[in-house]
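In our numbering, the protein residues as written are 16 to 342. Ideal placement from N, C-alpha and C gives every residue a C-beta, glycine not left out. For reference, the structure is listed below as structure tokens.
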């Protein structure tokens, strides 16, 4: 079962949100402008090896970057990613700063990156070819003044004393006057600027991020395809029951992926036994999220022959099979 390992690395994962339709009287249901309609955002964390690590509901309308680290920190599986790929919603300067101190590399695919601010170390630093990119400087004094506070917060998050989502949400509420939040943001500006420079200069990094994005979108399609009961509507109102449905869908999608890997591995071994050459590049294009061969609704077998009469004496009445008898 080595097929998913080609072109993949367990050290990377991608979180992303996907809207599930909920009943309007559900406590979690909100109207999502981004996705349209009432529902809740299921936030999935999918490893680069196609394994869904963690899933949970988050409210509609929040900036998803608040929850980008939560699933990674709660993950207790053998796969422990150290690099997180996301989209524009999965990043902000405070999240970049917190992720860096937690030892996590945040490598998102940012839409309209050219509209972001690049920060130079100081006003005296200039660059020969890319100086026009930098329009602001870093406040090193603010970072130094609150460095011990930043480390204390990170240790609390690592120890599970406070969740990263709660921390970012609370700090963000008072961001204009909260010096700790501003210190995280200043540190994040440094990390994000360094990442953007690497992103622009490395075609390999851009390809990795795009490939990871495509994988998680394929997971969404497979999970949604399997979530067909009740026309994909979560009728449960209690949040715990909604989480159960999400976890069941998560587990089923992983089970389908595992079975697909087994079937693909057998097929590849059969090709090798028959003398066909199978390249690693070919295996890297395979996906365990295939569904065309799955009978989602099972088999419905109909017998077209007439059944035996319940009462044997009816067979002697000479009635035709198509004759209807009203009692």
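Could you name the residues that DSSP lists as bridge partners for residue i?
i	result
residue 317	Note: residue 317 sits in no beta bridge, so no partner.
residue 36	248
residue 45	54
residue 129	Note: residue 129 sits in no beta bridge, so no partner.
residue 27	98
residue 71	58
residue 121	99
residue 135	152
Pick out whichever of the options has its Cα sitting closest to the Cα of residue i.
i	options	result
residue 377	138, 216, 161, 139	Residue coverage of the chain in this structure runs from 16 to 342, which leaves residue 377 outside it and unanswerable.
residue 153	124, 206, 211, 179	206
residue 126	101, 242, 87, 288	101
residue 29	47, 64, 42, 36	64
residue 91	82, 109, 69	69
residue 255	31, 73, 33, 27	73
residue 248	301, 35, 26	35
residue 138	144, 130, 155	155
residue 243	308, 284, 258, 267	267
residue 262	212, 282, 57	57
residue 40	173, 149, 250	250
residue 208	135, 292, 89, 289	135
Taking 8 Å as the cut-off, decide whether the C-beta atoms of residue i and residue j are in contact.
i	j	result
residue 128	residue 107	no
residue 59	residue 304	no
residue 96	residue 62	yes
residue 132	residue 146	no
residue 180	residue 85	yes
residue 158	residue 202	yes
residue 199	residue 109	yes
residue 11	residue 306	In the structure as shown, the chain starts at 16 and stops at 342, and residue 11 therefore has no counterpart that could be examined.
residue 116	residue 164	no
residue 231	residue 98	no
residue 241	residue 271	yes
residue 105	residue 83	yes
residue 27	residue 216	no
residue 183	residue 94	no
residue 71	residue 258	yes
In chain order, which continuous runs of the beta strand (DSSP E) of length 3 or greater are located wholly inside the stretch 139-177? 149-152
Tell me whether the stretch 218-227 and the stretch 278-296 touch, counting them as touching only if at least three CB pairs, one residue from each stretch, are closer than 8 Å. As far as the Cβ criterion goes, the stretch 218-227 does not touch the stretch 278-296, which means the pair count is below three.
Touching by the beta-carbon criterion (3+ pairs, under 8 Å), the stretch 47-67 and the stretch 112-124: no
Ranges of the alpha helix (DSSP H) found wholly within the stretch 249-303, counting only runs of at least 4: For the stretch 249-303, whole alpha helix (DSSP H) runs of length 4 or above, ordered along the chain, are 254-288, 295-298.
In chain order, what are the residue ranges of uninterrupted beta strand (DSSP E) at least 3 long that sit wholly in the stretch 196-240? Secondary structure in the stretch 196-240: no beta strand (DSSP E) run of 3 residues or longer lies completely within the stretch.
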